């Protein structure tokens, strides 16, 4: 389930041969020449990527993470299997991870330098590219639900802090007291950072952001991401998770992406949108279509999708950042790409795939 390297020459050939087609493709709808297939669904989730050492993972802790990932995956899968929407599935998968102190989102979020839990989230609907995001909220039990309410019930995309919480109150979004979010393990991470003058990367061996991407039976895509940020963050720091185009992006014409990692680098690369843009270009050449003009096998299409994600993550690494992404395509491909030793992740599809994993070699 880890990322892998593939030969870039097929993509170069496809780009050259399809360039004229892409330039003349003024109507996006002509690029979806898919063969008739049964309605399918697909979902992928993540619970953070980072420096994960198998030697430090006890059987009990591994079992806890695998159970938590499976619970989230099952929640999203159940909605899709019953014909529900990708938007509902994404939220259903993220909520149990926001409620689980194993992850750095909602309950279990890291502490700021001042000793608070500040939460960020974003969500996007691939049907119309409507999006909602919140940052710096401190009382919202499930920030992903507030992000979606911003999308549907406000004229805006991005709300912050006090204003976001005022909007939440008007929308009857569930709140929780500070003690709901605080955990002793996260508090100790902050204390170690303060006492030893460590960086956030020294105390956070993983980026615990959570996220989900999904394709529903109607062919619609959605993506969502939620996080507590980085331990000891100061001055109102905002990472990539609530930034549409960096940590979250969904577009029915290309893919849905949720990211986790060192947010400053993901913002600079525009990771989520960059991946979707590359896949949209390949689709415009008709290269990813089941009826492509060029003879392309299913394995080659899968490799091209993986390569597009891997190339963007390589760009992040070249700048000095690390982390990972999950993505789902209109054809139902559920892909992972990360440049760390591990990423808490899982995927399920209507074709029978159902798996969770932690380390890169799994």
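Residue numbers (the numbering used here): 752 to 1113.
Ideal Cβ placement from N, Cα and C applies to all residues, glycine included.
Predicted, not measured: the structure shown is a model, and the values here were computed from it.
- Task: Compute the Euclidean distance between the alpha carbons of residue 896 and residue 841, then round it to the nearest angstrom.
- Result: Here the alpha carbons of residue 841 and residue 896 stand approximately 10 Å from one another.
- Message: Quick check: what's the CA-CA separation for residue 1107 versus residue 820?
- Response: For residue 1107 and residue 820, the distance between alpha carbons rounds to 7 Å.
- Query: Taking the Cβ atom as the reference point for each residue, do residue 860 and residue 872 lie within a distance shorter than 8 Å?
  - Reply: Between residue 860 and residue 872, the CB-CB gap reaches or exceeds 8 Å.
- How big is the Cα-Cα spacing for residue 1099 and residue 947? The C-alpha of residue 947 is placed about 42 Å away from the C-alpha of residue 1099.
- In its own chain, which residues sit with a C-beta less than 6 Å from the C-beta of residue 1031, not counting the 5 before and 5 after it? 1004, 1005, listed in sequence order.
- Who are the Cβ neighbours of residue 1065 in its own chain at under 8 Å, not counting the five residues just before and after it? Result list for residue 1065: 1090, in chain order.
- Item | Backbone secondary structure at residue 905 - three-state DSSP | In the displayed model, residue 905 falls within coil according to three-state DSSP, outside both helix and strand.
- Message: According to DSSP, simplified to helix, strand and coil, what is residue 1084?
- Response: Residue state, collapsed to three classes: coil.
- Buried or exposed: which applies to residue 1057, given that a residue is buried once 16 or more other Cβ atoms fall within 10 Å of its Cβ? By the C-beta density criterion, residue 1057 is buried, having at least 16 other C-beta atoms within 10 angstroms.
- With DSSP run on the structure shown, which of helix, strand or coil describes residue 865? Coil.
- Query: So what does DSSP say about residue 1094, is it helix, strand or coil?
  - Reply: Assignment of residue 1094 by DSSP, reduced to helix, strand and coil, places it in the strand class.
- CB-CB under 6 Å to residue 909, same chain, minus the five flanking residues each way: which ones, in chain order? Excluding residues within five positions, the ones whose Cβ falls inside 6 Å are 884.
- Task: For residue 898, I'd like the list of residues in its chain whose CB is within less than 6 Å of its CB, leaving aside the five on either flank, ordered along the chain.
- Result: Here the set comprises 872, 873, 874, 883, 884, 885.
- Item | Host beta strand (DSSP E) of residue 1106 (start-end) | Residues 1105-1110.
- Cα-Cα separation, residue 997 to residue 794: When rounded, the distance between both Cα atoms is 20 Å.
- Closest Cβ-Cβ distance between residue 796 and chain D: below 8 Å? Protein chain content of the structure displayed is limited to a single chain, and chain D is not contained in it.
- Query: Which partner residues does residue 1076 have in the DSSP bridge list?
  - Reply: Answer by DSSP bridge pairing, in chain order: 1010, 1088.
- Rounded separation between residue 967 and residue 1080 - CA only: Roughly 11 Å separates the two Cα atoms.
- Message: According to DSSP, residue 1030 sits in a beta bridge with which residue or residues?
- Response: None; residue 1030 has no bridge partner.
- How about residue 1096 and residue 796: do their beta carbons lie closer than 8 Å? In contact: residue 1096 and residue 796 (Cβ atoms closer than 8 Å).
- For residue 803, the first and last residue of its enclosing beta strand (DSSP E): Careful: residue 803 lies outside any beta strand (DSSP E) and carries neither H nor E.
- Item | Residue environment, residue 1049, which counts as buried when at least 16 other CB atoms sit within 10 Å | By the neighbour-count rule (16 or more Cβ atoms within 10 Å), residue 1049 is not buried but exposed.
- Query: In or out: residue 863 buried (at least 16 other Cβ within 10 Å) or exposed?
  - Reply: By the 10 Å Cβ count, residue 863 comes out buried.
- Message: I'd like the span of the alpha helix (DSSP H) that includes residue 874, first residue to last.
- Response: From DSSP, residue 874 is part of no alpha helix (DSSP H) but of the beta strand (DSSP E) over 870-876.
- Item | Collapsed DSSP secondary structure at residue 749 in the structure displayed | The structure shown has nothing for residue 749, since the chain only spans 752 to 1113.
- Message: My assumption, with CB atoms under 8 Å, is that residue 824 sits in contact with residue 965. Please give the rounded CB distance.
- Response: Their Cβ separation, rounded to whole angstroms, is 11 Å, which puts residue 824 and residue 965 out of contact at 8 Å.
- Cα separation between residue 1020 and residue 904? About 30 Å.
- Task: Consult DSSP for residue 911 and reduce its assignment to one of helix, strand or coil.
- Result: Reduced to three states, the DSSP call for residue 911 is strand.
- Pull up the distance between the alpha-carbon of residue 847 and that of residue 854, whole angstroms please. Taking the straight line from one Cα to the other gives about 10 Å.
- Task: Have a look at residue 770 and residue 851 and give me their C-alpha separation to the nearest angstrom.
- Result: Any answer about residue 770 is weak, because its pLDDT of 38 lies below 50 and its placement is not dependable; what the coordinates show is given next. The straight-line gap from Cα to Cα measures roughly 47 Å.
- Compare the Cα-Cα distances from residue 800 to each of 1059, 1013, 1078 and report the closest residue. Out of 1059, 1013, 1078, 1013 has the C-alpha closest to the C-alpha of residue 800.
- Cβ-based neighbour list, residue 836, same chain, cut-off 7 Å, excluding 5 preceding and 5 following: Annotation for residue 836: 967, 971 place their beta carbon closer than 7 Å to its own, counting only its chain and skipping 5 residues before and after.
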